[in-house]
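Asks:
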Amino acid sequence: MAKAKTVEKKDEIFVKGARVHNLKNVTVGFPRNKFIVVTGVSGSGKSSLTIDTLYAEGQRRYAESLSAYARQFLNRMNKPDVDYIKNLCPAIAIEQKVITRTPRSTVGTMTEIYDYLRLLFARAGTTISPVSGKEVKKDDVSDVVAAIEKQEEGTKVFVLVAFKLHSNRNVREELNILLQKGFTRVAAGGAKRSSDLEVLDIEDLLEQDDAAVSQLLAIPKTGAKAQSVPQVFILIDRIIARELDEDDRHRLSDSIGTAFYEGEGTVFIQTITPDGKAQLHDFNNRFELDGIVFEEPNPNLFSFNNPLGACPTCEGFSLVLGIDADLVIPDKRLSVFEGAVAPWKGEKLGKWKDRFIRASAKYDFPIHKPVADLTKAQYELLWKGNSSVYGINDFFKEVEQNLYKVQYRVLLSRYRGRTTCPDCNGYRLRKEALYVKVGDRHIGELGEMPARDLKTWFDKLKLPAHKAAIAKRILLEISNRLDTLLKVGLGYLTMSRVANTLSGGESQRIQLTRSLGSNLTNSLYILDEPSIGLHSRDTDNLINVLKELRDLNNTVVVVEHDDMVMRHADHIIDMGPLAAHLGGEVVAAGTYKELLKDPDSLTGKYLSGTFSIEPPATTRKWTRFIKVEGARHHNLKDITVTFPLNVLAVVSGVSGSGKTTLVKQILYPALQKMKGEPVVSGDKIGFHKAITGDVDSVQQIEMVDQNPIGKSSRSNPVTYIKAYDEIRDLFAKQPLSKMRGFQPKHFSFNVDGGRCDTCKGEGEQVVEMQFLADVHLVCESCGGKRFKEEVLEVKYKDKSIHDVLEMSVDASLEFFKDEKKIKEAIQPLSNVGLGYIKLGQSSDTLSGGEAQRVKLASFLGKGKNNHKVLFIFDEPTTGLHFHDIKKLLASFNALIEQGHTVLVIEHNIDVIKSADWLIELGPEAGDGGGELVYEGIPSGIRKVKNSYTGKYL
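Numbering-wise (full-length UniProt numbering), the sequence shown opens with residue 1 and increments by one.
(1) Tell me the start and end of each unbroken beta strand (DSSP E) in the segment 697-775 that is at least 3 residues and wholly inside, in chain order.
(2) Could you spell out where the beta strand (DSSP E) holding Ser652 opens and where it closes?
(3) Alpha carbon to alpha carbon, how far is Leu205 from Phe158?
(4) Can you tell me whether Tyr948 is buried or exposed, with buried defined as 16 or more other CB within 10 angstroms of its CB?
(5) What's the C-alpha gap between Asp752 and Leu671?
(6) Quick check on Phe356: does DSSP put it in helix, strand or coil?
(7) State the start and end residues of the unbroken beta strand (DSSP E) segment that holds Met807.
(8) Compare the C-alpha of Lys913 against each of Ala857, Gly848 and Thr618 and name the closest.
(9) Might you give, ordered along the chain, the residues of its own chain that have their beta carbon closer than 6 Å to the beta carbon of Val766, omitting 5 neighbours on each side?
(10) Taking just the CA atoms, how far does Leu730 sit from Gly741?
(11) Quick check for students: name the residue ranges of the beta strand (DSSP E) that lie wholly in the segment 4-87, counting only runs of 3 or more.
(12) The alpha helix (DSSP H) spanning Thr660 covers which residue range?
(13) If we ignore side chains and look at the alpha-carbon of each, how far apart do Asn168 and Val232 end up?
(14) To the nearest angstrom, how far is it from the Cα of Leu953 to the Cα of Glu338?
(15) Which residues does DSSP pair with Arg632 in a beta bridge?
(16) Suppose contacts are defined by Cβ-Cβ distances below 8 Å. Is Arg728 in contact with Pro744 by that definition?
(17) What number of angstroms, rounded off, separates the C-alpha of Asp598 from the C-alpha of Ile573?
(18) Going by DSSP, name the residue or residues bridged to Glu198.
(19) Indicate the three-state DSSP secondary structure (helix, strand or coil) for His571 in the structure shown.
(20) Among residues of its own chain, excluding the 5 on either side of Ser601, which ones have a beta-carbon nearer than 8 Å to its beta-carbon?
(21) Which residues mark the beginning and the end of the beta strand (DSSP E) in which Ala93 is found?
(22) I need the DSSP call for Thr420, collapsed to helix, strand or coil.
(23) Assuming Tyr492 contacts Ala925 under a Cβ cut-off of 8 Å, what Cβ separation, rounded to an integer in Å, is found between them?
(24) Pull up the DSSP beta-bridge partners for Ala588, would you.
(25) Name the DSSP beta bridge partners of Asn402, please?
(26) Consult DSSP for Ala2 and reduce its assignment to one of helix, strand or coil.
(27) With H, G and I counted as helix, E and B as strand and the rest as coil, what does DSSP make of Pro678?
(28) Which of the three DSSP states, helix, strand or coil, is assigned to Leu534?
(29) Looking at C-beta atoms only, is the number of pairs between the segment 554-569 and the segment 37-51 that lie closer than 8 Å three or more?
(30) Can you list the alpha helix (DSSP H) stretches of 4 or more residues lying completely in the segment 96-142, in chain order?
(31) Under the rule that 16 or more other beta-carbon atoms within 10 Å means buried, what is His561, buried or exposed?
(32) Note down the Cα distance separating Thr494 from Lys886, rounded to an integer number of angstroms.
(33) Tyr261: which of Leu486, Trp344, Arg714 and Ala162 sits nearest, CA to CA?
(34) List the DSSP bridge partners of Glu920.
(35) With H, G and I counted as helix, E and B as strand and the rest as coil, what does DSSP make of Phe283?
(36) Kindly indicate the opening and closing residues of the alpha helix (DSSP H) around Pro464.
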């Protein structure tokens, strides 16, 4: 089995002498067109080898192909510290970050499915009039020719346009202008005069006096309301209906084209059959019907990011500032009689409630029924009212009419919030775009459908033959992308879902969908833990997608700890042996079977069962609990769930089964509100009937999520866990500091004094690129060291403050072994498996999982206090090797020993086995989920037939 590799093969990407971050002169080969997994403990150098070496070099080579203008900035893109890389193909990295913060970006735009939907509606959509429900069509020359050809042989056909008087001209002037244009005849009469359409010669008319011409004076002026059937026409052409030859057709087409131009879009055809029946047909090439002029479909009309398509009220955001239904009816468990409508209280405003109760009785409105249980029609009556019932909207109309009184302004401000736009109903588009339908649905309705329902809808879609031909290629692209979304386990997402509400794992799998949709070949794909946030069932599908990517002749490199992914890999590279300065080497490389037998591979030992994470022999007993009753927010189906206290409880279930909804949108914000804390999770509490149990025995609720620690790029682990204060004090006590009068503040990069004045302690400067991503360059004044030269001259054990910040956590524990306070403050970082990160590592370079574990360390570091805390963790095993999961579970147990409660949303089988209490939601995702499949001790789930977790346990 290959250890340190020195021989390169032709069919592999060969990396020689990589020394990025903690890599120790690594030489390794990546077989081309294979599915490769890079694994190892957290901090062993996996990302350094894949993202920071392979991908960075791929990007740098791409940059060298750009223009000189772009290169003048990118030249300073540092070349990774590596001797050379051979056979490198174009590299695409799909990292685990929520890549967009803008509320304009949706799942549809990120996967490009929405772009194809816009194209489909523009090319194959049918505009339907909202007045008559008829299709809006415009006639062209070929339609008029076809209508003439359908007439019976011998029919006289006149091509006519309305004769109009333009302003400031009399009839004589108008006739003169027609003569100059080359028209010689006008026709008086029409359908009403049967067959006596009188054709008059313009020259003859002009010879007569004004009185004779006055019969034509009934012509409406331009801009006056035109008669539906004009009485006077300009005769453009006439023909006898018969089988037309090529010349006839050309002549007729020319005449009709002229008629459309002269008639400003409207052409009349008068037909007189051999037996004298007259009929007037009108055609117009304006896109109008029922007196409305419609927008002609084009792709921009369906874009909410384009002024042409965006709803003018909400500007394409779908939300406006209006009356917030959740503030007006804060508790939907109450009925109207019990005072569910918050503003209808008090002596004066309470009359609205009494009036509503009296008036709605004749419509059988159930005044004693909780608002949550009302039917759609009853709920609409409560809000919109009708001719004899005043609803909530009428109440607010009256409030708005009295805004000159201060008490009404205060009242209105209390109930204002972000609400769905009333004009576009949250579809983001102007109403003209929503008149265009494909298969009886407009584009907004398709955007609201979950991907799997959308796929089914497209599979059943039947289009007319000519439209099917136009849409064939577009439908193929949509179908392929929807297929991939389903394969990567995201069938429950709708196209209109805003991108910044997605988890890191969802965001990464959407990027994967986009890359697969483009069908690139001979490329290098580097994925950073794509299985995050996936239940074992969905991981199976993901593996198939990655194999498809490989089968397109791509090299797929995946940084991964999941044993299922490893089992399917063609080649595994195990980094290690441990983290940080103890890692950075290739411990083993080869197939899955070879890894199992390798004595040096820590991963191999866990996979073969030599090492394992043993579940506890007994589960903890509990007496206290918190119960969520009647949860039915999003897809939850009126479930009641018990969360025990002082134990490790795990919530599991397939992706999209409702775990986040239950824990993060109901339990967490509802407990915050009960404790009198401000609700921060999206401002709104998901609907549930009640929260009961021992709520008082929890003094504090902490959501330990994967959001970055700190907002500034200067925030880092050592400041977050409050260890930096002690380190600054230590440096301020050194003899040189006392001589120079340095205080602890001089060793801070957050305040002026000792920090570098050029980069303000950032260590880098940002060059804003106009069309490319901003470029971060090392500060030229301090060389990235953040401090002034005189501050860096202060040393402790021969290390400056910069050297200390560059140390890994494990190295610093050894370095500060004599400083008890500092060591105790840093120790929790090592305990949660973060021994490899640097003390001063910028917070924006930490992954979501790492940020979450820094937060965990800060809580562990606070030690015992009498506050009993409920900790909620969202997928804390993100980015963790088996060896590190062991440490994480030890940290959880330490919290529970201190009397706290740990609640975890997790799919990792080892964590599930180690839980004291397991809650599984499901059985499927989206509409097929939201049910309580199981709650109890983990071993009991194996007997539950419809549990996916049970199968994988």
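Where is the CB? At the ideal position from N, CA and C, for every residue including glycine.
All figures in this text were calculated on a predicted structure; none of them were measured in a lab.
Replies: So, to answer that:
(1) Secondary structure remark: continuous beta strand (DSSP E) runs of at least 3 residues inside the segment 697-775, in chain order: 700-704 and 764-767.
(2) Leu648 to Ser652
(3) 20 Å
(4) So Tyr948 counts as buried.
(5) 41 Å
(6) helix
(7) That residue, Met807, is in no beta strand (DSSP E); it is neither H nor E in DSSP.
(8) Thr618
(9) Asp774 and His776
(10) Between the alpha carbons of Gly741 and Leu730 lies a gap of roughly 14 Å.
(11) 12-18, 26-31, 35-40 and 82-86
(12) In the DSSP assignment, Thr660 falls within the unbroken alpha helix (DSSP H) covering Lys659 to Leu662.
(13) Those two C-alpha atoms are separated by around 19 Å.
(14) 48 Å
(15) Answer is none; Arg632 lacks a bridge partner.
(16) yes
(17) 12 Å
(18) Looking at the DSSP output, Glu198 sits in a beta bridge with Ala188.
(19) strand
(20) Excluding residues within five positions, the ones whose Cβ falls inside 8 Å are Asp574, Gly576, Val587, Ala588 and Leu595.
(21) Ala91 to Ile94
(22) Correct three-state label for Thr420: strand.
(23) 4 Å
(24) Asp574
(25) Paired residue(s): none; Asn402 is not in a bridge.
(26) Unreliable positioning characterises Ala2 in this predicted model, as indicated by a pLDDT of 47, which lies under 50. The coordinate reading is nonetheless provided below. In the structure shown, Ala2 sits in a strand (DSSP, three-state: E or B).
(27) coil
(28) coil
(29) Pairwise C-beta distances place the segment 554-569 in contact with the segment 37-51, as three or more of them are shorter than 8 Å.
(30) 107-111 and 113-124
(31) Buried: at least 16 other Cβ atoms inside 10 Å.
(32) Whole-angstrom Cα-Cα distance: 37 Å.
(33) Ala162
(34) Ser652 and Tyr934
(35) In this structure, Phe283 counts as strand in the three-state DSSP scheme.
(36) Pro464 -> no alpha helix (DSSP H), and no H or E assigned at all.
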